[in-house]
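Single-structure report; data block below.
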Amino acid sequence: KQEVTQIPAALSVPEGENLVLNCSFTDSAIYNLQWFRQDPGKGLTSLLLIQSSQREQTSGRLNASLDKSSGRSTLYIAASQPGDSATYLCAVSGSGGGADGLTFGKGTHLIIQP
Amino acid sequence: GAGVSQSPRYKVAKRGQDVALRCDPISGHVSLFWYQQALGQGPEFLTYFQNEAQLDKSGLPSDRFFAERPEGSVSTLKIQRTQQEDSAVYLCASRYRGGYTFGSGTRLTVV
Chain F
1 KQEVTQIPAA
11 LSVPEGENLV
21 LNCSFTDSAI
31 YNLQWFRQDP
41 GKGLTSLLLI
51 QSSQREQTSG
61 RLNASLDKSS
71 GRSTLYIAAS
81 QPGDSATYLC
91 AVSGSGGGAD
101 GLTFGKGTHL
111 IIQP
Chain V
115 GAGVSQSPRY
125 KVAKRGQDVA
135 LRCDPISGHV
145 SLFWYQQALG
155 QGPEFLTYFQ
165 NEAQLDKSGL
175 PSDRFFAERP
185 EGSVSTLKIQ
195 RTQQEDSAVY
205 LCASRYRGGY
215 TFGSGTRLTV
225 V
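This is the structure in structure tokens:
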């Protein structure tokens, strides 16, 4: 059974710092990996989607990498801002596409101090 | 529509009551998923539809949970005889080319 672990569980840093969130998964046979952001009481907002054949994806100040063979992904946030405060969730989808749903980690709760 | 719409946004049910949660996916998205998110946890898979066919319901926690999508668009998640442990946020998502779009969820509180 696929298991996804996110480290750290919580992180509080001053505004302006660059930071890295980590995600690991036990079964490397994934179809893709997706990073989401969740604000309190809200649904999930997709940030970046990395297909299994890709190594990284970038969107603005966000960069996500994927090392499928080692079962790891990182989300890099450059020049953090208070508006980045949220819970960040990593999720993987099983190989072969099709019916496989996402398996999520428990998330990293991020606070950016003004 | 432009996004995945879920209703109601909040639901308070007395223990033993039946509830129905609605999901209106993005038009044209054939794949639809339901997830359950307990407080402080990541979402957990409940069930999956491709058009009107329920292809995977392995995540449904008990036979009190039932989902349907009769015309391949709107889906309803029904929970019978609600229990306190059913309290959670229920998220619906539709999928296109591997990317998932989630609704804002229904927060169910069973008292």
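Residue numbers (my numbering), protein chains in the order written: chain F, 1 to 114; chain V, 115 to 225.
Yeah, the Cβ is synthetic: ideal placement off N, Cα and C, and Gly gets one too.
Can you have a look at residue 167 of chain V and say buried or exposed, based on whether 16 or more other CB atoms are within 10 angstroms of its CB?
Translated into positions along the second sequence, residue 167 of chain V becomes position 53. By the neighbour-count rule (16 or more Cβ atoms within 10 Å), residue 167 of chain V is not buried but exposed.
Short of 7 angstroms Cβ to Cβ, which residues in the stretch 198–211 of chain V face chain F?
205
Using a Cβ-Cβ cutoff of 8 angstroms, what residues of the stretch 75–97 of chain F are near chain V? List them in chain order.
89, 91, 93, 97
I think residue 20 of chain F touches residue 76 of chain F, with their Cβ atoms under 8 angstroms apart; what is that distance to the nearest whole Å?
As a working mapping, residue 20 of chain F is identified with position 20 in the first sequence. As a working mapping, residue 76 of chain F is identified with position 76 in the first sequence. Right, the Cβ-Cβ distance comes to about 5 angstroms (below 8 angstroms), so this counts as a contact.
Which first and last residues belong to the beta strand (DSSP E) in which residue 50 of chain F is found?
Numbered from its first residue, the first sequence carries residue 50 of chain F at position 50. Element bounds for residue 50 of chain F: 44–51.
Would you call the stretch 51–63 of chain F and the stretch 127–138 of chain V in contact, with 3 or more CB pairs under 8 angstroms?
no
Nearest to residue 169 of chain V by CA position, among V/155, V/156, V/148, is which residue?
Taking the second sequence and counting its residues from 1, one reaches residue 169 of chain V at position 55. Cα-wise, what sits closest to residue 169 of chain V is V/148.
Hey, would you say residue 63 of chain V sits closer than 8 angstroms to residue 207 of chain V, going by beta carbons?
The question about residue 63 of chain V has no answer here: the residues shown for chain V are numbered 115 through 225.
Report all residues from its chain with a CB closer than 6 angstroms to the CB of residue 203 of chain V; omit the five preceding and five following residues, and keep chain order.
The residue labelled residue 203 of chain V in the question sits at position 89 within the second sequence. For residue 203 of chain V, where only same-chain residues beyond five positions count, the Cβ hits under 6 angstroms are 151, 219, 221.
Less than 7 angstroms between C-beta atoms, sequence neighbours within five positions excluded: which residues of the same chain meet that for residue 185 of chain V?
In the second sequence, counting from the first residue as 1, residue 185 of chain V sits at position 71. Cβ neighbours of residue 185 of chain V beyond the five flanking positions: 166.
What does residue 203 of chain V pair with, by DSSP beta-bridge criteria?
The count along the second sequence starts at 1 and reaches residue 203 of chain V at position 89. DSSP lists V/151, V/221 as partners of residue 203 of chain V.
Residues that residue 32 of chain F contacts on chain V, provided the C-beta gap is smaller than 7 angstroms:
The residue labelled residue 32 of chain F in the question sits at position 32 within the first sequence. Result: 212.
How is the beta strand (DSSP E) around residue 169 of chain V delimited, first residue to last?
Position 55 of the second sequence, counted from the start, is the residue given in the question as residue 169 of chain V. 167–170 is the span of the beta strand (DSSP E), which, as asked, contains residue 169 of chain V.
Quick check: is the beta carbon of residue 110 of chain F nearer than 8 angstroms to any beta carbon in chain V?
On the first sequence, residue 110 of chain F is found 110 positions in, with the first residue counted as 1. Judged by the 8 angstroms Cβ criterion, residue 110 of chain F is not in contact with chain V.
Per-residue contacts from residue 104 of chain F into chain V (C-beta, under 9 angstroms)
Here residue 104 of chain F is taken as the residue at index 104 of the first sequence, counted from 1. Under the 9 angstroms cutoff, chain V gives 149, 151, 155, 156, 157, 158, 159.
Residues near residue 162 of chain V in its chain [Cβ-Cβ closer than 6 angstroms; skip 5 each side]
The residue you call residue 162 of chain V lines up with position 48 of the second sequence. These residues qualify, in order along the chain: 147, 169, 170.
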